[in-house]
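**Q** Sharing a structure here in structure tokens format.
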Amino acid sequence: RKEVEQDPGPFNVPEGATVAFNCTYSNSASQSFFWYRQDCRKEPKLLMSVYSSGNEDGRFTAQLNRASQYISLLIRDSKLSDSATYLCVVRDTGNQFYFGTGTSLTVIP
Amino acid sequence: DGGITQSPKYLFRKEGQNVTLSCEQNLNHDAMYWYRQDPGQGLRLIYYSQIVNDFQKGDIAEGYSVSREKKESFPLTVTSAQKNPTAFYLCASRRLWPDGETQYFGPGTRLLVL
Chain A
58 RKEVEQDPGP FNVPEGATVA FNCTYSNSAS QSFFWYRQDC RKEPKLLMSV YSSGNEDGRF
118 TAQLNRASQY ISLLIRDSKL SDSATYLCVV RDTGNQFYFG TGTSLTVIP
Chain B
389 DGGITQSPKY LFRKEGQNVT LSCEQNLNHD AMYWYRQDPG QGLRLIYYSQ IVNDFQKGDI
449 AEGYSVSREK KESFPLTVTS AQKNPTAFYL CASRRLWPDG ETQYFGPGTR LLVL
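Protein sequence lines, in the order shown, are assigned to chains A and B. Residue 150 in the working numbering sits at position 93 of the first sequence, and the numbers go up by one each step. Residue 392 in the working numbering sits at position 4 of the second sequence, and the numbers go up by one each step.
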């Protein structure tokens, strides 16, 4: 069983749409949670950390449900520049990070 | 500018050849990591190091070797024992304290086998 699982998509949405990505993780003792963004042929870049109480950064909202071992990312008012692959990342009790395979988003004009 | 640098951007390897990928950081981060990314797959951990002169194998360490002689440097050698080395190699670093700090990545090296 994979440590982190994501729906690979692709998600093709029009500009201005709201889109949600989901992620599940297998280790209930996982400590930290993140969403990264990866553009084609580039390195992953931190989008936001995910906190138990949920957190928001502009158009982006992240939620964590520890009981269900589930993480989500909501993007409101999608922009063309949001087109990328979104990676769900989980850190275990040590210092290892586990990456989902990513969810591909294309925002269409 | 503070950051993580990787070189070269592209690297070509001949059969039976060892090649070394460079990773340097000036962020004073404690831990450094090497990952491999193949098309359509998530990042897979090759090696990581939390302190100088110490490192641990990740999930796919076979055919790779590393060293950590300086805090800012963590080179990766792809040996001839790695039979399928073509991939995108990413180096990352992070602070260990405060806890919860995430990783930051270098721009990556694409390795191609001739």
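Yeah, the Cβ is synthetic: ideal placement off N, Cα and C, and Gly gets one too. Since the model is a prediction, treat every value here as computed from it, not as a measurement.
If you draw a straight line from the C-alpha of residue 106 (chain A) to the C-alpha of residue 89 (chain A), how long is it?
**A** 8 angstroms
**Q** My understanding is that residue 135 (chain A) touches residue 70 (chain A), with C-beta atoms under 8 angstroms, so please give their C-beta distance in whole angstroms.
**A** Contact flag correct, Cβ pair sits at about 6 angstroms.
**Q** Leaving out five residues on either side along the sequence, give the residues of the same chain with a beta carbon under 8 angstroms from the beta carbon of residue 75 (chain A).
**A** For residue 75 (chain A), where only same-chain residues beyond five positions count, the Cβ hits under 8 angstroms are 131, 132, 133, 134, 135.
**Q** Under three-state DSSP, which class holds residue 139 (chain A)?
**A** helix
**Q** Which parts of the region 403-469 of chain B are runs of the alpha helix (DSSP H), unbroken and 4 residues or longer, counting only runs that do not cross its ends?
**A** none
**Q** Please confirm if residue 101 (chain A) has its CB atom under 8 angstroms from at least one CB of chain B.
**A** Yes, contact with chain B.
**Q** Could you tell me the alpha carbon to alpha carbon distance between residue 457 (chain B) and residue 500 (chain B), rounded to whole angstroms?
**A** 27 angstroms
**Q** At a Cβ threshold of 8 angstroms, is residue 493 (chain B) touching chain A?
**A** Residue 493 (chain B) counts as touching chain A.
**Q** Counting Cβ pairs, one atom from each stretch, are 3 or more of them under 8 angstroms apart for the region 473-484 of chain B and the region 403-418 of chain B?
**A** yes
**Q** Between residue 153 (chain A) and residue 433 (chain B), how many whole angstroms is the CB-CB distance? I'm expecting something under 8 angstroms.
**A** 6 angstroms
**Q** For residue 121 (chain A), which residues from the same chain have a beta carbon less than 6 angstroms from its beta carbon, with the 5 sequence-adjacent residues on both sides left out?
**A** 90, 107, 109, 128
**Q** Given residue 420 (chain B), which residues of its chain have a CB within under 6 angstroms of its CB, disregarding the five upstream and five downstream residues?
**A** 437, 462, 481
**Q** Kindly indicate the opening and closing residues of the beta strand (DSSP E) around residue 481 (chain B).
**A** 475-482
**Q** Please classify residue 142 (chain A) as buried or exposed, where buried requires at least 16 other C-beta atoms within 10 Å of its C-beta.
**A** With 16 or more other Cβ atoms within 10 Å, it is buried.
**Q** Here's the rule: buried if 16 or more other CB atoms are within 10 angstroms of the residue's CB, otherwise exposed. What is residue 139 (chain A)?
**A** Burial call: buried.
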